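Number of protein chains: 2
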Amino acid sequence: MFYLVGLGLGDAKDITVKGLEIVRRAKRVYLEAYTSILTVGKEALEAYYGRKVILADREMVEQASDELMADSDIEDIAFLVVGDPLGATTHTDLILRATEKGIPYHVIHNASIINAIGCCGLQLYNYGEVVSIVFWSDDWKPESFYDKILTNKKRGLHTLCLLDIKMKEQTIENLMKGRPVFEPPRFLSASLAAQQLLEIIRNRKEKCSSALTADSICVAVARVGSQDQKIVAATLEEMSTTDMGTPLHSLVIPGDMHPLERQMLLLFAESEKIKSVLSTEDTS
Amino acid sequence: MFYLVGLGLGDAKDITVKGLEIVRRAKRVYLEAYTSILTVGKEALEAYYGRKVILADREMVEQASDELMADSDIEDIAFLVVGDPLGATTHTDLILRATEKGIPYHVIHNASIINAIGCCGLQLYNYGEVVSIVFWSDDWKPESFYDKILTNKKRGLHTLCLLDIKMKEQTIENLMKGRPVFEPPRFLSASLAAQQLLEIIRNRKEKCSSALTADSICVAVARVGSQDQKIVAATLEEMSTTDMGTPLHSLVIPGDMHPLERQMLLLFAESEKIKSVLSTEDTS
Chain A
1 MFYLVGLGLG DAKDITVKGL EIVRRAKRVY LEAYTSILTV GKEALEAYYG RKVILADREM
61 VEQASDELMA DSDIEDIAFL VVGDPLGATT HTDLILRATE KGIPYHVIHN ASIINAIGCC
121 GLQLYNYGEV VSIVFWSDDW KPESFYDKIL TNKKRGLHTL CLLDIKMKEQ TIENLMKGRP
181 VFEPPRFLSA SLAAQQLLEI IRNRKEKCSS ALTADSICVA VARVGSQDQK IVAATLEEMS
241 TTDMGTPLHS LVIPGDMHPL ERQMLLLFAE SEKIKSVLST EDTS
Chain G
1 MFYLVGLGLG DAKDITVKGL EIVRRAKRVY LEAYTSILTV GKEALEAYYG RKVILADREM
61 VEQASDELMA DSDIEDIAFL VVGDPLGATT HTDLILRATE KGIPYHVIHN ASIINAIGCC
121 GLQLYNYGEV VSIVFWSDDW KPESFYDKIL TNKKRGLHTL CLLDIKMKEQ TIENLMKGRP
181 VFEPPRFLSA SLAAQQLLEI IRNRKEKCSS ALTADSICVA VARVGSQDQK IVAATLEEMS
241 TTDMGTPLHS LVIPGDMHPL ERQMLLLFAE SEKIKSVLST EDTS
């Protein structure tokens with residue numbers, strides 16, 4: 001059996017009991033290591049599982065699935081994914097390849113940011129489409145996520161913004177010389193995401209009532225599910241200078257809010273300004 | 001500490017290791033028993049945890065939170081919720097009441113249908129607002145969920161339809177006589193939900209291109225995360241007579257589909273008709 005096992009979001013103990021039993025009895029254990037991270041590394045997982053864990057990077061998962069799935073028609077192979085195996089990053093391609101090969105598969109679900117974002121107090125029912133905010137570079141500053149946020153907001157819906165992760169990037173020089181030297185991983189912070197949104201707001205100067213402004217409410221979450229999880233409600237302007245600490249971060253742009261949702265955000269409001277905005281009934 | 005612990009979706013072993021440790025050491029263990037169910041009952045949970053579990057119905061959670069949270073400033077109290085504690089049904093009101101009382105709380109996240117619906121192969125990125133389809137009665141046939149499905153579909157987005165659960169209902173006679181006699185729980189099936197959708201389609205006869213028809217594709221999931229999980233892709237007409245077995249069921253109405261998403265749905269297609277629809281590139 002080829003098992004896709006979700007690890008949840010925090011540390012080694014966020015795996016489910018069912019998932020842990022599979023990991024402990026599997027012939028080989030792979031860890032998908034390019035779309036998300038836990039607050040602990042491979043070594044901590046190995047120590048907790050009592051098992052060797054093989055890091056699987058994008059090339060391996062996309063190009064070497066024969067190797068990955070070898071023997072899984074007769075043995076149990078575990079493929080570990082941070083969050084849910086079919087969550088923010090889906091691995092349906094692996095399921096399709098397993099099925100083609102006649103290999104049975106089973107998914108062990110777990111929390112992913114898509115549902116754990118409920119921790120900030122905004123109801124999951126009231127979210128629209130998820131968006132991804134990417135790292136801008138000097139010559140590439142896409143704004144499509146802003147339009148999606150506005151489309152959700154016009155319908156009164158909240159937007160979960162997933163923030164970019166860059167794993168195994170190469171400099172142009174290393175890439176051109178074919179050197180397998182990789183830059184350290186980079187994670188888009190909530191503050192940088194807010195800065196990018198502010199730049200779009202300044203460029204566009206939109207007049208529609210649902211357009212974002214520097215005073216719009218946003219909520220940042222960091223290290224959801226871990227002991228040092230942090231949640232901050234702030235204006236976009238404030239968020240652009242808020243240090244949420246180590247990765248991963250996500251950002252939420254609320255749509256219309258129910259009084260209970262406002263009360264929840266007040267738990268995470270630090271500045272007097274945002275407390276005052278959240279206590280005012282007619283702003284959303 | 002007042003712990004809100006997600007149980008995931010399948011059986012007793014879908015709890016996380018962290019969650020199980022809390023349950024085993026908590027002074028009291030409550031099970032929220034009115035918004036969702038596992039495929040196993042309270043007795044199976046008690047046997048697995050080695051702990052007595054107190055059923056908490058809606059009245060208790062909404063009106064007797066003092067009793068529920070008693071001593072949680074000095075002891076660990078566990079409040080178990082099927083799925084994620086802040087998932088499809090949120091318990092933010094409990095968090096607000098705990099905070100008012102100065103009681104620290106901690107959420108142990110887990111899979112909920114909101115993210116585990118990824119199992120049907122449609123990407124979570126491409127879902128719009130979640131809708132709830134309620135049981136119709138002779139004199140109450142709300143259609144608002146249909147409009148939300150269409151609004152998502154016009155944007156090319158999939159819709160997850162959560163299906164109604166009726167726990168502890170009373171007949172009008174018992175209600176009027178003040179007798180605490182409750183009807184057996186009822187769970188809206190995917191087939192009945194499809195029948196209700198078909199009735200709306202017949203009533204409206206809408207002409208817009210994103211309107212649903214009897215031939216529209218839908219996907220039903222049942223008992224997600226359990227050993228006998230079932231997924232079926234079918235036309236709405238076919239779904240109206242498809243038996244998905246015991247609860248819980250959910251229904252998905254796809255928006256625009258990527259070829260990989262179509263391939264995934266083909267794994268769950270039973271009729272020749274739906275296989276042919278899914279293999280045709282230009283229908284969505």
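Residue numbers (UniProt numbering), protein chains in the order written: chain A, 1 to 284; chain G, 1 to 284.
C-beta atoms are modelled at their ideal positions from N, C-alpha and C, and glycine is treated no differently.
Remember, predicted model here, so these are calculated numbers, not experimental data.
Checklist entry - Is the beta carbon of residue 146 of chain G less than 8 Å from the beta carbon of residue 200 of chain G? => result Taking 8 Å as the Cβ cut-off, residue 146 of chain G and residue 200 of chain G qualify as a contacting pair.
Next on the checklist: If you measure between the beta carbons of residue 29 of chain G and residue 80 of chain G, is that distance less than 8 Å?
Outcome noted: The answer is yes: Cβ separation under 8 Å.
Item to check | Residues in the segment 4-15 of chain G having any Cβ partner in chain A nearer than 9 Å | outcome: Those would be 6, 8, 9, 10, 11, 12, 13, 14 and 15, in chain order.
Item to check | Euclidean distance between Cα positions of residue 240 of chain G and residue 220 of chain G | outcome: If you take the alpha carbons of residue 240 of chain G and residue 220 of chain G, they lie about 11 Å apart.
Next on the checklist: So, with DSSP's three-state summary, where would you put residue 165 of chain G?
Outcome noted: Residue state, collapsed to three classes: strand.
Item to check | residue 139 of chain G versus residue 158 of chain G: straight-line alpha-carbon distance, rounded | outcome: Rounded to the nearest angstrom, the two C-alpha atoms are 30 Å apart.
Item to check | For residue 159 of chain G: DSSP bridge partner residues | outcome: Bridge partners of residue 159 of chain G: G:253.
Next on the checklist: Can you give me the C-alpha to C-alpha distance between residue 83 of chain A and residue 161 of chain A, rounded to a whole angstrom?
Outcome noted: Roughly 16 Å separates the two Cα atoms.
Item to check | Nonlocal neighbours in the same chain, by C-beta distance under 7 Å from residue 269 of chain G, ignoring five residues either side | outcome: The answer, listed in chain order, is 233, 275 and 278.
Next on the checklist: Under DSSP, the alpha helix (DSSP H) around residue 98 of chain G begins and ends at which residues?
Outcome noted: Its alpha helix (DSSP H) spans residues 92-100.
Item to check | Supposed close pair residue 76 of chain A, residue 3 of chain A - CB separation, criterion 8 Å | outcome: For residue 76 of chain A against residue 3 of chain A, the beta-carbon gap comes to about 6 Å, under 8 Å, which counts as contact.
Next on the checklist: Does residue 254 of chain A pass the burial test, meaning 16 or more other C-beta atoms within 10 Å, or should it be called exposed?
Outcome noted: Residue 254 of chain A is buried by the Cβ-count criterion.
Next on the checklist: Checking the sheet assignment: what are the DSSP bridge partners for residue 179 of chain G?
Outcome noted: Looking at the DSSP assignment, residue 179 of chain G forms no beta bridge with any residue, so it has no partner.
Item to check | Inter-residue spacing [alpha-carbon to alpha-carbon] between residue 1 of chain G and residue 262 of chain G | outcome: Approximately 46 Å, taken between the alpha carbons.
Checklist entry - With burial defined as no fewer than 16 other Cβ atoms inside 10 Å of the residue's Cβ, what is the status of residue 242 of chain G: buried or exposed? => result Residue 242 of chain G counts as buried, since at least 16 other C-beta atoms from the protein chains shown sit within 10 angstroms of its C-beta.
Next on the checklist: Output needed for residue 46 of chain A: all residues of its chain with C-beta closer than 7 Å, excluding positions within five of it in sequence on either side, in chain order.
Outcome noted: So the qualifying residues of the chain are 52 and 53.
Next on the checklist: Rounded to the nearest angstrom, what separates residue 284 of chain G and residue 257 of chain G at their Cα positions?
Outcome noted: For residue 284 of chain G, the pLDDT reaches just 45, beneath the cut-off of 50, and the residue's location in the model is therefore unreliable, although a value from the coordinates is still provided. Cα to Cα, the separation comes out at about 6 Å.
Checklist entry - From the beta carbon of residue 274 of chain A, is the nearest beta carbon of chain G less than 8 Å away? => result False, the Cβ-Cβ gap to chain G never drops below 8 Å.
Checklist entry - In three-state terms, what does DSSP make of residue 208 of chain G? => result Shown here, residue 208 of chain G sits in coil according to DSSP, grouped into three states, outside any helix or strand.
Checklist entry - Apart from the five residues on each side of it in sequence, which residues of its chain come closer than 7 Å, Cβ to Cβ, to residue 196 of chain G? => result When the five nearest sequence neighbours on each side are left out, the beta carbons in the same chain lying within less than 7 Å of the beta carbon of residue 196 of chain G are those of 133 and 136, in order along the chain.
Item to check | Proximity test, Cβ basis, 8 Å: residue 114 of chain G and chain A | outcome: Yes, residue 114 of chain G lies at the interface with chain A (some Cβ there is under 8 Å from its Cβ).
Next on the checklist: Using beta carbons (cut-off 8 Å, strictly below), is residue 249 of chain A in contact with chain G?
Outcome noted: Any Cβ of chain G closer than 8 Å to the Cβ of residue 249 of chain A would place that residue at the interface, and such an atom is absent.
Next on the checklist: Distance cutoff 8 Å, beta carbons only. Does residue 107 of chain A sit that close to anything in chain G?
Outcome noted: Answer yes: the Cβ-Cβ gap between residue 107 of chain A and chain G drops below 8 Å somewhere.
Next on the checklist: For a cutoff of 8 Å on Cβ pairs, would you count residue 225 of chain A as touching chain G?
Outcome noted: Against chain G, the CB of residue 225 of chain A has a partner CB under 8 Å away; the residue lies at that interface.
Item to check | Backbone secondary structure at residue 27 of chain G - three-state DSSP | outcome: Residue state, collapsed to three classes: coil.
Item to check | One or two residues paired with residue 51 of chain G in a DSSP bridge | outcome: Looking at the DSSP assignment, residue 51 of chain G forms no beta bridge with any residue, so it has no partner.
Next on the checklist: Quick check on this structure: which residue in G:109, G:118 and G:117 has the alpha carbon closest to the alpha carbon of residue 120 of chain A?
Outcome noted: Considering only alpha carbons, the answer is G:109.
Checklist entry - On the premise that residue 99 of chain G lies in contact with residue 267 of chain A, defined as a C-beta separation below 8 Å, what is that separation, rounded to the nearest angstrom? => result Their Cβ separation, rounded to whole angstroms, is 6 Å, which keeps residue 267 of chain A and residue 99 of chain G in contact under 8 Å.
Checklist entry - Within 10 angstroms of its Cβ, does residue 218 of chain A collect 16 or more other Cβ (buried), or is it exposed? => result In this structure residue 218 of chain A is buried. Its beta-carbon is surrounded by 16 or more other beta-carbon atoms within 10 angstroms.
Item to check | Backbone CA spacing between residue 170 of chain G and residue 57 of chain G [nearest angstrom] | outcome: Rounded to the nearest angstrom, the two C-alpha atoms are 14 Å apart.
Checklist entry - Using 8 Å as the limit for Cβ to Cβ distance, is residue 73 of chain A near chain G? => result No, its Cβ sits nowhere closer than 8 Å to a Cβ of chain G.
Checklist entry - What did DSSP end up calling residue 186 of chain G once you bin it into helix, strand or coil? => result Here residue 186 of chain G carries a strand assignment [DSSP, helix/strand/coil].
Checklist entry - Do you know whose CA, among A:12, A:35, A:204 and A:11, lies nearest residue 186 of chain A's CA? => result The residue with the shortest Cα to Cα distance from residue 186 of chain A is A:35.
Next on the checklist: Run through the DSSP bridge pairs and tell me what residue 233 of chain G is partnered with.
Outcome noted: Residue 233 of chain G pairs with G:219 and G:269.
Item to check | Residue from A:260, A:131, A:97 and A:95 with nearest C-alpha to residue 163 of chain A | outcome: The shortest C-alpha separation from residue 163 of chain A is found at A:131.
Item to check | Rounded separation between residue 237 of chain A and residue 38 of chain A - CA only | outcome: If I take the Cα positions, the gap works out to 29 Å.
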